[in-house]
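J.: Mapping to the working numbering: the sequence shown position 452 is 453, numbers consecutive.
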Amino acid sequence: MNKTIRRASVFALLLVLALLVRATWVQFYDGKALAEDNDNRRNAIETYSQPLGNIIVAGNSITGSARTKGGDLAYKRTYRNGTLYAAVTGYASQAYAPTQLEGIYADLLNGTDNQLKTVMDTITGERAEPGNVLTTIDPAVQKAAYDALGGNKGAAVAIDPKTGKILAVVSTPSYDPSQLTDANTAGAAWKKLNADKDKPLTNRALRQPLPPGSTFKLVVAAAALEDGLYENVGDPTDSPDPYTLPGTTRVLSNENKSAPCRNASIRTALRYSCNNVFGRMAVRLGQDKVKAMAEKFGFNDAAQDVPVRAYASVYPSGMDKAQTALSGIGQFDVTATPLQMAMVSAAIANGGKSVSPHMVARITDSGGDVVKDYDDSASTRQIVSAGTAEQLQSAMETVVKDGTGTNALIDGVTVGGKTGTAQHGENNSKTPYAWFTSYGKSDSSGKEVAVAVMVEQSDAARSEVSGNGLAAPVARAMMRAALE
């Protein structure tokens with residue numbers, strides 16, 4: 002054979018082998034990544050080739066699917082009362098990655114979850130029938146929170162203390178997820194929603210930690226009682242008024258100048274929200290002990306899944322004594338979500354035990370058979386002793402009966418709560434955040450609920466912004482709806 006022809010043949014053979022190796026690599030190694038690529042149009046075509054499974058509240062679907070007109074995507078997602086439930090469902094969009102429950106259970110809802118496959122599906126490679134997500138949300142509590150927040154920018158969460166079931170997750174202003182479902186119209190809606198200064202796409206209930214203000218005093222009080230700094234909530238404290246922050250000339254003042262805050266007991270200090278008492282208490286305990294108690298309640302947890310991943314609420318480290326004092330009243334770099342503050346009240350109401358909060362009861366296949374039960378798998382942790390919880394309940398009930406939380410009173414219900422007004426902005430120049438966290442126990446049925454409400458912005462004058470004025474009425478509406 003001619004030498005030139007032989008070399009050309011060998012070279013051609015090597016090229017063929019190289020192509021075979023590359024094709025094998027793409028098919029068996031890169032194939033999965035390419036198939037799962039968000040830009041792979043075939044995935045969207047497959048996902049929307051049939052109706053999706055549904056997200057269900059109290060036995061009723063709050064989602065659906067509608068046939069599209071033309072195009073290669075046969076169906077699109079639809080929502081019932083979309084603005085009411087947006088903080089729960091998120092959205093499933095032909096154009097954008099799904100969020101919230103739609104995102105977490107995307108595979109279950111579109112039928113590609115391996116847990117749904119039968120033996121025959123595995124053999125044939127066919128897609129299974131989509132499953133459903135059954136939530137723990139109580140529609141009455143959800144609507145009560147949404148209506149009570151009204152036009153205010155804020156958020157609210159309700160939890161059953163005994164079971165950990167999340168009964169409501171509301172963030173306002175909200176948005177209608179239906180705006181984002183159709184690829185032909187989603188782009189304009191997406192641009193408008195992201196340009197909105199009120200950030201309706203932000204889930205304020207789970208994913209926007211803000212200074213919790215005086216609601217954090219419950220954590221400091223729990224640390225003091227558990228540490229033995231004080232035996233009960235009626236003991237006088239070592240709390241000068243005015244209290245000068247250590248190492249500074251700055252005085253930590255109280256909102257109510259005439260309140261009996263000098264050496265006040267924990268009960269009195271919670272009733273009048275005495276800053277001097279809890280600032281001094283945090284310094285006496287030291288930041289490490291306060292931090293340890295905060296973390297027992299759930300602060301600094303970067304993996305708080307309900308099952309939506311909530312942003313971590315933060316109790317900081319590395320503070321000096323003055324900063325530690327400010328942390329004791331829920332200021333400095335302390336931040337919390339409404340979910341976190343609802344968890345604090347829930348644990349106190351439940352004898353010091355925290356049941357892992359969750360807003361999905363179970364997931365099922367298309368026939369209704371349970372794939373996973375989250376109610377049965379909820380874990381319980383002892384946060385504080387039953388004695389400490391009882392002491393704090395007594396003090397929180399005083400806050401509502403005779404203190405700063407009277408707007409949360411409900412006939413026939415034992416209510417305990419704590420108000421908070423958190424300053425923010427340079428030199429506290431911006432409108433404060435109004436907080437209220439509480440629990441309610443029906444005197445007749447024994448039903449319980451814990452809630453937290455945060456009003457970030459309202460039409461109220463700055464001087465009228467308070468936890469009792471803005472947030473407590475929302476909490477009262479939620480507790481009444483849960484306990485009826």
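All C-beta atoms, glycine included, are put in the ideal place defined by N, C-alpha and C.
Give the straight-line distance between the Cα atoms of Y440 and A390, rounded to the nearest whole angstrom.
T.: If I take the Cα positions, the gap works out to 12 Å.
J.: If you draw a straight line from the C-alpha of S355 to the C-alpha of E127, how long is it?
T.: Each residue's alpha carbon lies about 43 Å from the other.
J.: Just checking my contact of Y273 with Q209 at CB under 8 Å: how many whole Å lie between their CB atoms?
T.: The pair is not a contact, with the Cβ atoms about 29 Å apart (cut-off 8 Å).
J.: DSSP puts N257 in a beta bridge; with which residues?
T.: Looking at the DSSP assignment, N257 forms no beta bridge with any residue, so it has no partner.
J.: Can you check DSSP and say which residues form a bridge with T245?
T.: Its beta-bridge partners are V252.
J.: Just the Cα atoms here: how many angstroms apart are S380 and G72?
T.: The alpha-carbon atoms of S380 and G72 are separated by roughly 47 Å.
J.: Between A473, P433, V450, which has its C-alpha nearest Q458's C-alpha?
T.: The residue with the shortest Cα to Cα distance from Q458 is P433.
J.: Among the residues of its own chain, which have a CB less than 7 Å from the CB of L410, if the five just before and after it don't count?
T.: Result list for L410: V401, V416, in chain order.
J.: Do you know offhand how far A423's Cα is from T407's?
T.: Their backbone Cα atoms lie some 19 Å apart in a straight line.
J.: Ignoring anything shorter than 3 residues or poking outside the stretch 53 to 83, list the beta strand (DSSP E) runs there in chain order.
T.: Here the runs fully enclosed are 56 to 58, 64 to 68, 76 to 80.
J.: Suppose you measure from the CA of R205 to the CA of S172; what does that come to, to the nearest Å?
T.: Between R205 and S172, the C-alpha separation is close to 5 Å.
J.: Have a look at N185 and S50 and give me their C-alpha separation to the nearest angstrom.
T.: Going from the Cα of N185 to the Cα of S50 covers about 17 Å.
J.: Once DSSP output is grouped into helix, strand and coil, what is the label at E127?
T.: Here E127 sits in coil by DSSP.
J.: Please report how far the alpha carbon of P131 lies from the alpha carbon of P201, in whole angstroms.
T.: Those two C-alpha atoms are separated by around 29 Å.
J.: Start and end of the beta strand (DSSP E) containing V158?
T.: Start and end: 154 to 160.
J.: Who pairs with A451 in a beta bridge, going by DSSP?
T.: BP columns for A451 point to I160, Y440.
J.: Label K33 either buried or exposed according to how many other C-beta atoms from any shown protein chain fall within 10 Å of its C-beta, with 16 as the threshold for buried.
T.: Residue confidence for K33 is low, a pLDDT of 49 falling below 50, so the modelled location carries little weight; the figure read from the coordinates is stated next. It counts as exposed.
J.: Touch check for the stretch 300 to 307 and the stretch 244 to 256: three-plus C-beta pairs under 8 Å?
T.: No: fewer than three Cβ pairs fall under 8 Å.
J.: Quick check on Q332: does DSSP put it in helix, strand or coil?
T.: Looking at Q332 - three-state DSSP - the assignment turns out to be coil, as it is neither helix nor strand.
J.: Less than 9 Å between the beta carbons of Q143 and V89, yes or no?
T.: A contact, by the Cβ cut-off of 9 Å.
J.: E296: which of S314, D306, V284, V307 sits nearest, CA to CA?
T.: Answer by Cα proximity: S314.
J.: Buried or exposed for D366, going by 16 or more other Cβ atoms inside 10 Å?
T.: D366 comes out buried.
J.: If we count the other Cβ atoms within 10 Å of its Cβ and call it buried at 16 or more, is K1 buried or exposed?
T.: Outside the modelled stretch of the chain, which goes from 2 to 485, sits residue 1, for which no answer is possible.
J.: Mapping DSSP to helix, strand and coil, what is I6?
T.: I6 falls in the helix class under three-state DSSP.
J.: Relative to the C-alpha of S259, which candidate in R268, I267, P243, S266 has its C-alpha closest?
T.: Comparing Cα-Cα distances from S259 to each of R268, I267, P243, S266, the minimum goes to P243.
J.: Is D148 helix, strand or coil by DSSP?
T.: In this structure, D148 counts as helix in the three-state DSSP scheme.
J.: Within a Cβ cutoff of 7 Å, which residues of the same chain sit near L168, ignoring the five residues on either side of it in sequence?
T.: Correct list, in chain order: T137, I138, D139, V142, A159, I160, D161, V450, A483.
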